[in-house]
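**Q** Just so you know, we're using the working numbering here: the sequence shown kicks off at 171 and counts up by one.
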Amino acid sequence: MLDTVKLARHLLTRDEVYDCKLSTLAQFFETPIQPTHRALDDAHSTVAVLHGLFERLGSFEVDTVEKLFNFLSDKKKKLREKIPKEF
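What follows is the structure, given as structure tokens:
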């Protein structure tokens with residue numbers, strides 16, 4: 171399973187988007203269909219957001235599903251390493 175919120179948090183800065191709600195991400199990526207809390211519109215919007223996020227992944231040389239999950243794991247690992255041991 172791939173979480174668009176988790177992926178967006180790794181790829182976008184707070185300067186780009188103030189939150190990772192589907193509506194915010196859809197607006198940022200200028201998707202043709204905006205989410206409306208209706209299943210079909212939200213599904214189309216999610217696909218368009220994923221395409222935008224996948225384009226961003228290219229700059230990290232992530233081009234397979236395996237590399238995608240490694241990218242997400244590495245980000246989490248690097249964050250954990252920054253936490254002081256005595257915390």
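Every residue gets a Cβ at the ideal spot worked out from N, C-alpha and C, and that includes glycine.
By alpha-carbon positions, which one of GLU225, THR174 and LEU181 ends up nearest to SER193?
**A** Sequence index remark: in the sequence shown, residue 193 carries index 23 (1-based). The candidate whose alpha carbon is nearest that of SER193 is THR174.
**Q** Express the C-alpha separation of GLU231 and LEU172 in angstroms, rounding to a whole number.
**A** Along the sequence shown, one-based indexing puts residue 172 at 2. Along the sequence shown, one-based indexing puts residue 231 at 61. Distance between the alpha carbons of LEU172 and GLU231 is about 18 Å.
**Q** Let's test the definition: count the other Cβ atoms within 10 Å of the Cβ of ASN201 and tell me whether it reaches 16, buried, or not, exposed.
**A** Indexing the sequence shown from 1 puts residue 201 at position 31. Rather than Asn, the amino acid found at residue 201 in this sequence is Thr. It is buried - the Cβ of THR201 has at least 16 other Cβ atoms within 10 Å.
**Q** Report the CB separation of GLN204 from ALA196 in whole angstroms; it is logged as a contact under 8 Å.
**A** Your numbering for residue 204 matches position 34 in the sequence shown. Your numbering for residue 196 matches position 26 in the sequence shown. Rounded, the Cβ-Cβ distance is 5 Å, consistent with contact.
**Q** What separation, rounded to the nearest whole angstrom, lies between the Cα atoms of ALA209 and ALA218?
**A** Taking the first residue of the sequence shown as position 1, residue 209 is located at position 39. Taking the first residue of the sequence shown as position 1, residue 218 is located at position 48. In a straight line, the C-alpha of ALA209 is about 14 Å away from that of ALA218.
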